[in-house]
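Everything in the sequence shown is counted per this note's numbering, starting at 2 for the first residue and increasing by one.
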Amino acid sequence: MTSEEMLWDSLKAEIEKEAFELDSSLGSEIDELYENVRANSKSPTLYDIQDLKAIPKSPSLKAEAEAEAEELRIMLLGARGSGKSSTGNTILRCSVFNTDMQLSRVTQFCERASGNINGRPVAIIDTPGLNKINRKEKDVTREIMKSVSLYKPGPHVFLLVQPVGNLTNEDKNMHKIIQNMFGKNVWDYTVVLFTHGDRLEGKMPNDVIASSDKDLRDFIRTCSGGFVFFNNKNTGNFEQVTKLLEKIDTLVAINGRSCYTTSFYPNSERRIREKQEKILEERQEEIARKERELEENYYEDKEELERKKRELWREEEDDARRLAESPSRRMTLKAGLTRAPLSVTKSQTIL
Ligand SMILES: Nc1nc2c(ncn2[C@@H]2O[C@H](COP(=O)(O)OP(=O)(O)O)[C@@H](O)[C@H]2O)c(=O)[nH]1
Ligand SMILES: [Mg+2]
Numbered sequence: 002m003t004s005e006e007m008l009w010d011s012l013k014a015e016i017e018k019e020a021f022e023l024d025s026s027l028g029s030e031i032d033e034l035y036e037n038v039r040a041n042s043k044s045p046t047l048y049d050i051q052d053l054k055a056i057p058k059s060p061s062l063k064a065e066a067e068a069e070a071e072e073l074r075i076m077l078l079g080a081r082g083s084g085k086s087s088t089g090n091t092i093l094r095c096s097v098f099n100t101d102m103q104l105s106r107v108t109q110f111c112e113r114a115s116g117n118i119n120g121r122p123v124a125i126i127d128t129p130g131l132n133k134i135n136r137k138e139k140d141v142t143r144e145i146m147k148s149v150s151l152y153k154p155g156p157h158v159f160l161l162v163q164p165v166g167n168l169t170n171e172d173k174n175m176h177k178i179i180q181n182m183f184g185k186n187v188w189d190y191t192v193v194l195f196t197h198g199d200r201l202e203g204k205m206p207n208d209v210i211a212s213s214d215k216d217l218r219d220f221i222r223t224c225s226g227g228f229v230f231f232n233n234k235n236t237g238n239f240e241q242v243t244k245l246l247e248k249i250d251t252l253v254a255i256n257g258r259s260c261y262t263t264s265f266y267p268n269s270e271r272r273i274r275e276k277q278e279k280i281l282e283e284r285q286e287e288i289a290r291k292e293r294e295l296e297e298n299y300y301e302d303k304e305e306l307e308r309k310k311r312e313l314w315r316e317e318e319d320d321a322r323r324l325a326e327s328p329s330r331r332m333t334l335k336a337g338l339t340r341a342p343l344s345v346t347k348s349q350t351i352l
C-alpha cells in the first residue's frame with residue numbers, strides 16, 4: 002500500500018467514525034469518493050510486485066502478457082549499493098523495492114513492480130547486485146537471466162546504474178559479466194544511469210562527463226541510450242523521471258520498437274535455456290499435480306502456501322537448469338522425481 006493510500010485509508014476511517022452517528026448510508030458515499038480520488042490521483046498506481054520466479058506459464062498468464070504488450074519494461078542492472086532499488090522507487094514514486102546497505106535487506110532475487118507514469122504503464126525489474134560480495138556470481142547471473150526469459154518478451158531497456166564517478170576495476174569487470182551474460186547486443190538496449198546526482202553541486206551533467214576518464218566516456222559511447230543523471234534523494238523531482246522516459250523512448254525508436262530478447266543470449270547459454278524449458282515442459286503434469294497437493298495441505302494459510310510454492314518453483318527451475326547443463330545427470334534426477342515430484346507456483350503478490 003502506498004503512503005498516499007495509507008493516508009486515505011486513515012482519513013476514511015476518521016470520516017466514517019464521525020459519520021456513523023449522522024447517517025449510516027454515508028459510508029458507501031465515502032467509499033465512492035475515496036475510489037474516485039484514488040483513480041484520479043496523479044501518483045503511479047502500483048499494482049504488483051512479483052517474485053519473477055513465481056510467474057506461471059499458464060494460458061491465462063499468456064493472455065495477461067498480451068494485454069500488457071504496451072507496457073514499457075525496464076530492467077535495472079549494476080553493482081550492489083549502486084542505487085538500483087532507489088532508482089526503481091524514484092521512477093515509480095513508491096517505496097516498493099527495499100533499499101538499504103544492510104545485507105539482510107538488499108535484493109536477493111529479481112523483483113518486478115509496475116506502475117502508471119504519466120498515464121503510461123511501466124514495469125521495472127530490480128535485480129541483485131552484480132558484484133561478488135554477497136552471493137556467488139554464477140547464482141546472481143543465473144537469477145538475472147532467468148528473469149529476462151520469464152518476463153517475456155524482454156526488457157525495452159537496461160538501466161546500468163552506477164554512482165557518479167569514473168569507472169573502477171570492479172565496474173569494468175561487471176561490464177564483462179554483463180556482456181558474457183547477455184551478449185554484445187545488450188549495449189544496444191542500455192542507458193547508463195548515474196545516481197547520486199545530488200553530488201553534482203550545480204555542475205552540468207555534460208561538463209562532468211566531458212572531464213571524466215576516457216574509459217568512462219568510451220563505455221558510454223558503447224551504450225546506444227547514452228547517459229542520464231539521477232538524484233534519488235530528491236524523489237519529488239519528477240522531471241528527472243520524465244526526462245529518463247524520453248531518453249528511453251528515443252532508444253526504443255532507434256531500436257525499431259524492439260526489445261532485448263533471449264535470442265541475443267550467447268549460443269551456449271541459449272542452448273542450455275532451450276533444454277531447461279523443455280525439461281520444465283516435460284514435467285508440467287507432475288508439477289500441476291504437486292501444486293494441487295500443496296493447495297490441499299496449506300489452504301488455511303495462504304501466505305505459507307505461496308511461500309511453499311515459490312520455494313518449490315525455485316527448486317524445480319534450478320534442477321531443470323542443472324539437468325540442462327549436464328545431460329548425463331538427467332536420468333538419475335528423473336528417477337528421483339517420480340518418488341518426490343516438485344511443484345510450481347502462481348504469481349506471488351508481495352505487496
Ligand atoms: N545521496 C544519494 N544516495 C543514494 C542515491 N541513490 C541511492 N542512494 C543510497 O545508496 C544506498 C544504496 O541504494 P540501493 O538503492 O539500495 O542500491 P542497490 O543495492 O543498487 O539497490 C542507499 O542507502 C540509498 O539511499 C542518490 O541518488 N543520492
Ligand atoms: Mg537493491
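Every residue gets a Cβ at the ideal spot worked out from N, C-alpha and C, and that includes glycine.
Cutoff 8 Å; reference residue i; Cβ partners in own chain excluding five residues on either side
| i | result |
| --- | --- |
| ASN167 | SER213, ASP214, ASP216, LEU217 |
| GLU249 | Checking the sequence, you will find Ile at residue 249 rather than Glu. These residues qualify, in order along the chain: LEU73, ILE75, HIS157, VAL158, VAL192, GLY226. |
| VAL1 | The requested residue 1 is not part of the displayed model; the chain covers only 2 to 352. |
| ILE210 | LEU217, ARG218, ILE221, PHE228 |
| LYS244 | VAL229 |
Contact check, residue i vs residue j, beta carbons under 8 Å
| i | j | result |
| --- | --- | --- |
| PHE395 | PRO206 | Lying outside 2 to 352, the shown extent of the chain, residue 395 is not represented and no answer is given. |
| SER327 | ASN233 | no |
| ASP189 | ASN256 | yes |
| PHE239 | VAL193 | no |
| ASP128 | LEU77 | Note on residue identity: the sequence assigns Thr, not Asp, to residue 128. Against a cut-off of 8 Å, the Cβ pair of LEU77 and THR128 comes out as a contact. |
| CYS224 | HIS157 | no |
| LEU201 | VAL165 | yes |
| THR142 | ILE178 | yes |
| TYR152 | ILE126 | yes |
| PHE183 | TYR266 | yes |
| LYS310 | GLU292 | yes |
| GLU270 | MET175 | no |
| LEU306 | LEU295 | yes |
beta-carbon residue i near ligand 1 non-hydrogen atom, thresh 7 Å
| i | result |
| --- | --- |
| GLY120 | no |
| THR196 | yes |
| ASP320 | no |
| THR262 | no |
| THR142 | no |
| ARG113 | no |
| VAL162 | yes |
| ARG81 | yes |
| PHE228 | no |
| PHE231 | yes |
| LYS234 | yes |
| GLY130 | yes |
| ASP199 | yes |
Proximal residues to residue i (C-beta, below 6 Å), its chain only, five neighbours per side dropped
| i | result |
| --- | --- |
| GLN163 | GLY79, SER83 |
| SER96 | ASN90 |
| PHE98 | SER86, GLY89, ASN90, ASP127 |
| VAL242 | ILE92 |
| PRO122 | GLU72 |
| LYS276 | ALA325 |
| HIS197 | PRO164, VAL165 |
| ASP199 | ASN232, LYS234 |
Residue i Cβ short of 7 Å to ligand 2 heavy atom set
| i | result |
| --- | --- |
| LYS85 | yes |
| PHE98 | yes |
| ASP208 | no |
| ASP127 | yes |
Residue i: first and last residue of the uninterrupted beta strand (DSSP E) it sits in
| i | result |
| --- | --- |
| THR191 | 191–196 |
| ARG113 | 112–118 |
| ARG74 | 73–79 |
| ASP172 | From DSSP, ASP172 is part of no beta strand (DSSP E) but of the alpha helix (DSSP H) over 170–183. |
| ASP127 | 121–127 |
| PRO164 | 158–164 |
| VAL358 | Shown here, the chain extends from 2 to 352; a query on residue 358 therefore has no answer. |
Cutoff 7 Å; reference residue i; Cβ partners in own chain excluding five residues on either side
| i | result |
| --- | --- |
| PRO60 | Reliability fails at PRO60, whose pLDDT of 42 lies under 50, so the model's placement of it is uncertain and no value is given. |
| PRO154 | CYS260, THR262 |
| ALA336 | Note that ALA336 scores a pLDDT of 43, beneath 50, so its modelled location is shaky; the value from the coordinates is reported in the next line. Excluding residues within five positions, none has a Cβ falling inside 7 Å. |
| GLU144 | PHE110, CYS111, PRO129 |
Host alpha helix (DSSP H) of residue i (start-end)
| i | result |
| --- | --- |
| ARG271 | 268–283 |
| PHE220 | 215–223 |
| VAL253 | 240–255 |
| SER83 | SER83 -> no alpha helix (DSSP H), and no H or E assigned at all. |
| LEU313 | 303–326 |
| ASN207 | 206–211 |
Residue i Cβ short of 7 Å to ligand 3 heavy atom set
| i | result |
| --- | --- |
| GLU282 | As presented, the structure is devoid of ligand 3, carrying ligand 1 and ligand 2 as its sole ligands. |
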